[in-house]
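K.L.:
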Amino acid sequence: MTLSSFSLEELHGWKDNITANPYRSYLYSYPHKTAYRDLQPPIPLESLWRDEPAESFFLYMHIPFCGARCGFCNLFTLPDKRANVHTTYVDALERQAKQWAAFTRHKPYARFAIGGGTPTLLAADQLRRLFHIAVDTMGLDTRSASISVETSPETITEEKLNILKEYTVDRVSMGIQSFVAAESAAIYRPQNPDEVYRALELLGKYDFPILNLDLIYGLPGQTVDSWLYSLNQTLSYDPEEIFIYPLYTREHTIVKPDDIQRQEDIRLDCYKAAGQLLKARGYRQYSMRRFAKETAGTDKRILDYSCQEEGMVGLGCGARSYTRNVHYASRYGVSRKATESIIADYVSADRYDTADYGIVLSLEEQKRRFILKAILHSEGLRLEDYSLRFGNSLWSDYPELSNLLHSGLGKEEDGVLHLTTEGMGYSDSIGDWFISVEIREQMERFVLP
Ligand code: SF4
């Protein structure tokens, strides 16, 4: 057992601080995109990818269009249904792929994902083109890569699902958020539950190896009972995987923090109730948000890929790319004006061969990223992996992490540091606590265009 870096009193204070406000920021990636800045000088992608140590890569394509912007969404996406706009965008993505393939084709892809936005908002012929680009241009072998596509209830059709089947998609992920029409309306997601049922029936016929459904808790007007109603409706379709998201609102999202503060915060109650129900129904918890059946998987023999998500080749405007020490993307925005202008720059570009916006990760940030990627998932952090990678012991680099052990939010078992079930519920505040001072300052200085 390592020594806590705090006295008992400080430890209590530390835990109170972590548990008093569990929902601070969703550490989807570290560092967050708001820590990215202009890279001066821009970094040539050829050398960046030539030296990338990952054995296999992850190919991601971002489709930054949706039918409408949901009230909680702060992703890089533009409400735009026009087919000609989508075609021009896929043209640009293809140009980008042709240039990037020269830099990345020396390693195979273990994973391929199309996300957004709403990829299935694209017409069937444009959706098919994305797979052509992945296979013919980028060199994806669909037999040895797991393939995942995001969709939405109102955009899936038999024609599009046939394309996903043809390209051996393993996982289809659909955002439902709520089965209660009034709750959907309150987050500006005009969604008729009948539309959701139609989509689920259709998806059931196609029997993809993994069906993932997303739900949100803490919605305006939601109660723990109505949350469990949505969860039970979801369970009746027997999905292999369920993601449950606490509602986050920001000043730049359509639903404002003030709108939520008027009601009691039921998120922790919803989370706990969901955890119990999902466990009782045979789902294993893999992170604060992800629950899945242990049997969920594909029959393919997938290449190994590091769970650290290095070697991520992100095509499209808004996609992030991660090499071991450089993360880069196009600029980030949420407003219509900003996203429109960033997409306009992307589709009019001829050259995509440098990283000009992102962050170069210091050794310190590589360590923090490595730790956060591991401990916020049930697999946890193998202490030996950390020492092998960084040549130091975790406890000597970050003695403050022993607070997890002494507070009961984490535990060390067989040389692996995990969060406990209680700690998993505070993943967002633990993640937020572990952000470095430099990255936090950088994020706070970011001005959203
Ligand atoms: S939450 Fe998803 S569907 Fe809604 S606007 Fe954002 S990207 Fe689009």
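Counting along the sequence shown from 1, when you hit position 250 you're at 265 in this note's numbering, and nothing is skipped either side.
Glycine included, each C-beta is placed from N, C-alpha and C at the ideal position.
#1: What do you reckon, is the C-beta of C88 under 7 Å from a heavy atom of the ligand SF4?
#2: What residues in its chain sit with their C-beta under 7 Å from that of I454, if we drop five residues either side in the sequence?
#3: Quick check: what's the CA-CA separation for E216 versus A117?
#4: Leaving out the 5 sequence neighbours to the left and right, which residues in its chain are closer than 6 Å to L330 when beta-carbon positions are compared?
#5: Tell me the start and end of each unbroken beta strand (DSSP E) in the stretch 277 to 336 that is at least 3 residues and wholly inside, in chain order.
#6: Which class does Y413 belong to by DSSP, given the choice of helix, strand or coil?
#7: Using a Cβ-Cβ cutoff of less than 6 Å, which residues in the same chain neighbour D156 once the five nearest sequence positions on both sides are dropped?
#8: Which residues does DSSP pair with N227 in a beta bridge?
#9: Taking only runs that begin and end inside the stretch 373 to 435, name each unbroken beta strand (DSSP E) of 3 or more residues, in chain order.
#10: Considering only the beta carbon of each residue, do I225 and A311 sit closer than 8 Å?
#11: Just how far apart, CA to CA, sit K175 and Q291?
#12: Nearest CA to the CA of W448: which residue from A35, L23, E24, S22?
#13: What is the DSSP secondary structure of G132, reduced to helix, strand or coil?
#14: Cutting at 6 Å between CB atoms, please list the residues of its own chain near M16, excluding the five before and the five after it.
#15: Please tell me whether I202 and G86 are closer than 8 Å, where the distance is taken between their beta carbons.
#16: Using the Cα positions of R282 and E173, report the straight-line distance between them to the nearest angstrom.
#17: For P467, report the span of its beta strand (DSSP E) as first-last.
#18: Please list the segments of the alpha helix (DSSP H) lying wholly inside the stretch 43 to 129, counting only runs of 4 or more residues, in order along the chain.
#19: Is the CB-CB distance between S417 and I317 below 8 Å?
#20: Which same chain residues, not among the five before or five after E67, have their C-beta less than 7 Å away from its C-beta?
#21: Straight-line CA distance for E415 to F21?
#22: Under 8 Å, Cβ to Cβ, is there at least one residue of chain D near S40?
#23: Out of V452, Y441, I450, which has the shortest C-alpha to C-alpha gap to D31?
#24: Using beta-carbon positions only, say whether E169 and I129 come within less than 8 Å of one another.
#25: With H, G and I counted as helix, E and B as strand and the rest as coil, what does DSSP make of S163?
#26: Run the proximity test for C332: is its beta-carbon closer than 7 Å to any non-hydrogen atom belonging to the ligand SF4?
#27: Using the DSSP secondary-structure output, state which residues sit across from T369 in a beta bridge.
#28: Between which two residues does the alpha helix (DSSP H) holding Y244 run?
#29: As a quick exercise: from I358, V341, S193, Y347, pick the residue whose alpha carbon is nearest that of L378.
#30: Please determine if the stretch 227 to 234 and the stretch 175 to 184 are in contact, where contact requires at least 3 C-beta pairs separated by less than 8 Å.
#31: Can you tell which of K352, S408, G395, E437 has its C-alpha closest to the C-alpha of L93?
#32: How about A139 and H101: are their beta carbons less than 8 Å apart?
#33: Assuming the contact rule is C-beta atoms closer than 8 Å, E198 and S241 should be a hit. Round their C-beta distance to whole Å, please.
#34: Between which two residues does the alpha helix (DSSP H) harbouring H27 extend?
#35: Using a 10 Å radius around the Cβ and a threshold of 16 neighbouring Cβ atoms, would you call K220 buried or exposed?
#36: In terms of alpha-carbon separation, which member of V211, A334, F223, I33 lies closest to V187?
P.N.:
The relevant details are as follows:
#1: Residue mapping note: residue 88 aligns to position 73 of the sequence shown, counting from 1. Flag set: Cβ of C88 near the ligand SF4.
#2: The residue given as residue 454 occupies position 439 in the sequence shown. Closer than 7 Å at the Cβ level, and outside the excluded window around I454, lie P46, A50, E380.
#3: Numbered from its first residue, the sequence shown carries residue 216 at position 201. Numbered from its first residue, the sequence shown carries residue 117 at position 102. Cα-Cα distance, rounded: 42 Å.
#4: In the sequence shown, the residue the question calls residue 330 occupies position 315. Within the same chain, L330 has close Cβ partners M76, L108, Q111, A112.
#5: 298 to 300, 305 to 308, 327 to 330
#6: Here residue 413 is taken as the residue at index 398 of the sequence shown, counted from 1. Here Y413 carries a coil assignment [DSSP, helix/strand/coil].
#7: In the sequence shown, counting from the first residue as 1, residue 156 sits at position 141. Excluding residues within five positions, none has a Cβ falling inside 6 Å.
#8: In the sequence shown, the residue the question calls residue 227 occupies position 212. Looking at the DSSP assignment, N227 forms a beta bridge with S188, E256.
#9: 425 to 428, 431 to 434
#10: Position 210 of the sequence shown holds residue 225. Position 296 of the sequence shown holds residue 311. It is a contact, given that the beta carbons lie within the stated cut-off.
#11: Residue 175 sits at position 160 when you count from the first residue of the sequence shown. Residue 291 sits at position 276 when you count from the first residue of the sequence shown. It is roughly 36 Å from the alpha-carbon of K175 to the alpha-carbon of Q291.
#12: Your numbering for residue 448 matches position 433 in the sequence shown. Checked all of A35, L23, E24, S22; the closest Cα to W448 is A35.
#13: For the purposes of this step, residue 132 is taken as residue 117 along the sequence shown, with counting starting at 1. In the structure shown, G132 sits in coil (DSSP, three-state: anything other than H, G, I, E or B).
#14: Within the sequence shown, numbered from 1, the residue matching residue 16 stands at position 1. Confidence at M16 is low in this model, with a pLDDT of 47, below 50, so its placement is unreliable and no value can be given for it.
#15: Residue 202 sits at position 187 when you count from the first residue of the sequence shown. Residue 86 sits at position 71 when you count from the first residue of the sequence shown. Yes, they are a contact pair.
#16: For the purposes of this step, residue 282 is identified with residue 267 of the sequence shown, where counting begins at 1. For the purposes of this step, residue 173 is identified with residue 158 of the sequence shown, where counting begins at 1. Their Cα atoms are separated by approximately 36 Å.
#17: In the structure as shown, the chain begins at 16 and stops at 464. Residue 467 is therefore absent and cannot be evaluated.
#18: 60 to 65, 98 to 119
#19: The residue given as residue 417 occupies position 402 in the sequence shown. The residue given as residue 317 occupies position 302 in the sequence shown. No, they are not a contact pair.
#20: For the purposes of this step, residue 67 is taken as the residue at position 52 of the sequence shown. Taken in chain order, the residues that qualify are G326, T338, R339.
#21: On the sequence shown, position 400 is the one that residue 415 refers to. On the sequence shown, position 6 is the one that residue 21 refers to. When rounded, the distance between both Cα atoms is 8 Å.
#22: Here chain D cannot be found, since the structure has a single protein chain.
#23: As a position in the sequence shown, residue 31 is number 16, starting the count at 1. Nearest option by C-alpha distance: Y441.
#24: One-based indexing of the sequence shown puts residue 169 at position 154. One-based indexing of the sequence shown puts residue 129 at position 114. Going by C-beta atoms, E169 is not nearer than 8 Å to I129.
#25: Here the question's residue 163 lines up with position 148 in the sequence shown. Of the three classes helix, strand and coil, the one that applies to S163 here is strand, per DSSP.
#26: Your numbering for residue 332 matches position 317 in the sequence shown. No, the beta carbon of C332 sits no closer than 7 Å to any heavy atom of the ligand SF4.
#27: For the purposes of this step, residue 369 is taken as residue 354 along the sequence shown, with counting starting at 1. Answer is P59.
#28: In the sequence shown, counting from the first residue as 1, residue 244 sits at position 229. According to the DSSP assignment, Y244 belongs to the alpha helix (DSSP H) that extends over 239 to 250.
#29: On the sequence shown, position 363 is the one that residue 378 refers to. L378 has its Cα closest to that of V341, out of I358, V341, S193, Y347.
#30: no
#31: Translated into the one-based positions of the sequence shown, residue 93 becomes position 78. It is K352 whose Cα lies nearest to the Cα of L93.
#32: Within the sequence shown, the letter at position 124 stands for residue 139. Within the sequence shown, the letter at position 86 stands for residue 101. No, these two residues do not count as a Cβ contact at 8 Å.
#33: What you label residue 198 is simply residue 183 of the sequence shown in a count that begins at 1. What you label residue 241 is simply residue 226 of the sequence shown in a count that begins at 1. Between S241 and E198 the Cβ distance is about 7 Å, and since that is below 8 Å, they are a contact.
#34: Your numbering for residue 27 matches position 12 in the sequence shown. Here the alpha helix (DSSP H) through H27 covers 23 to 35.
#35: Position 205 of the sequence shown holds residue 220. Per the 10 Å Cβ criterion, exposed.
#36: By 1-based counting over the sequence shown, the position of residue 187 is 172. If we check each option's Cα against that of V187, F223 comes out closest.
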